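Those letters in the sequence shown? Residues 1 to 191, per the UniProt record's numbering, in order.
Yeah, the Cβ is synthetic: ideal placement off N, Cα and C, and Gly gets one too.
As the structure is a prediction and not an experimental result, all values here were calculated from the model.
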Amino acid sequence: MNKLTIIGVAILLIVIAVFGYIVVNDITFNTASSNNANSNESVTMLSMSKGGVTVNYPSNWVLSQATSNNSVIAISKESAVDNLEVGQVNIHVEKKEFSGDFESFVNKSYTNIQADSAFDLVSSGEVSINNEKALEYIYTSSANTGVVKQHKALWFERGNQAYVIMYSAPIDKYEANLPAADYIIEQIKIN
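In structure tokens, the structure reads:
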């Protein structure tokens with residue numbers, strides 16, 4: 001076999017492997033662009049689907065690593081991603097199986113958290129997101145590094161699966177990034 005045939009076969013195998021990975025992991029990427037009527041700035045919207053969750057997000061946010069084993073998708077503000085590709089200002093979606101009553105399952109999670117002095121529950125209650133009922137918990141946490149973060153968790157029920165959409169940011173960046181986070185959260189679709 002000549003050298004070109006071997007290289008051609010190798011490239012073909014790599015292409016098949018990449019497409020196979022994308023199909024097996026149910027990953028799709030889409031982009032859309034629009035011009036902001038109030039400026040000359042062009043805004044690019046990106047879309048990512050994985051594990052039954054679709055997220056539409058602006059191009060100044062990027063896919064990132066999640067710190068939770070239950071995470072389906074994680075995105076972060078591009079300017080706030082650390083060297084481990086973990087976003088300090090981020091939104092991630094988790095999926096957890098549960099049995100019994102959904103509200104009891106969620107409330108128990110926060111009862112356990114409140115026992116830890118590193119966490120402080122700010123508020124909780126029922127909210128409506130895109131005409132769908134969700135349980136909302138807002139709390140702060142302090143890491144052993146001294147960083148205090150504020151979190152907004154929105155819980156949705158799908159059969160025996162609990163989905164939580166979590167927005168987290170250092171407390172001094174939380175309010176400034178909240179409008180963008182709320183917009184992205186409203187664009188998330190759980191299939």
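Please name the residue in the options whose C-alpha comes closest to that of residue i.
i, options, result
"residue 210", "126, 93, 191, 144", "A question about residue 210 goes unanswered here, because the residues of the chain that appear run from 1 up to 191."
"residue 182", "56, 79, 11, 5", "56"
"residue 103", "62, 46, 131, 124", "124"
"residue 151", "69, 131, 136", "136"
"residue 171", "71, 158, 146", "146"
"residue 126", "106, 70, 69, 73", "106"
"residue 100", "187, 74, 73, 158", "158"
"residue 143", "73, 116, 132", "116"
"residue 88", "69, 62, 187, 6", "62"
"residue 132", "6, 178, 187, 110", "187"
Going by the CB atoms, is the gap between residue j and residue i shorter than 7 Å?
i, j, result
"residue 95", "residue 163", "yes"
"residue 198", "residue 139", "Since the first and last residues shown for the chain are 1 and 191, residue 198 lies out of range."
"residue 64", "residue 76", "yes"
"residue 189", "residue 54", "yes"
So residue i and residue j are supposed to be a Cβ contact under 8 Å. How far apart are they, rounded?
i, j, result
"residue 156", "residue 134", "5 Å"
"residue 169", "residue 149", "6 Å"
"residue 90", "residue 78", "Not quite, the Cβ-Cβ distance comes to about 11 Å (not below 8 Å), so this is no contact."
"residue 52", "residue 191", "4 Å"
"residue 129", "residue 184", "Not really, about 12 Å apart at Cβ, beyond 8 Å."
Enumerate in chain order the residues of its own chain whose CB-to-CB distance from residue i is below 6 Å, with the five nearest sequence positions on each side excluded.
i, result
"residue 113", "119"
"residue 141", "118, 119, 149"
"residue 174", "150"
"residue 3", "none"
"residue 5", "none"
"residue 180", "none"
I'd like the list of long-range same chain contacts for residue i, defined as Cβ closer than 7 Å, with 5 residues on each side in sequence excluded.
i, result
"residue 11", "none"
With a threshold of 8 Å on Cβ separation, who are the neighbours of residue i within its own chain once the five nearest residues in sequence on each side are excluded?
i, result
"residue 71", "92, 93, 94"
"residue 110", "121, 124, 137, 139"
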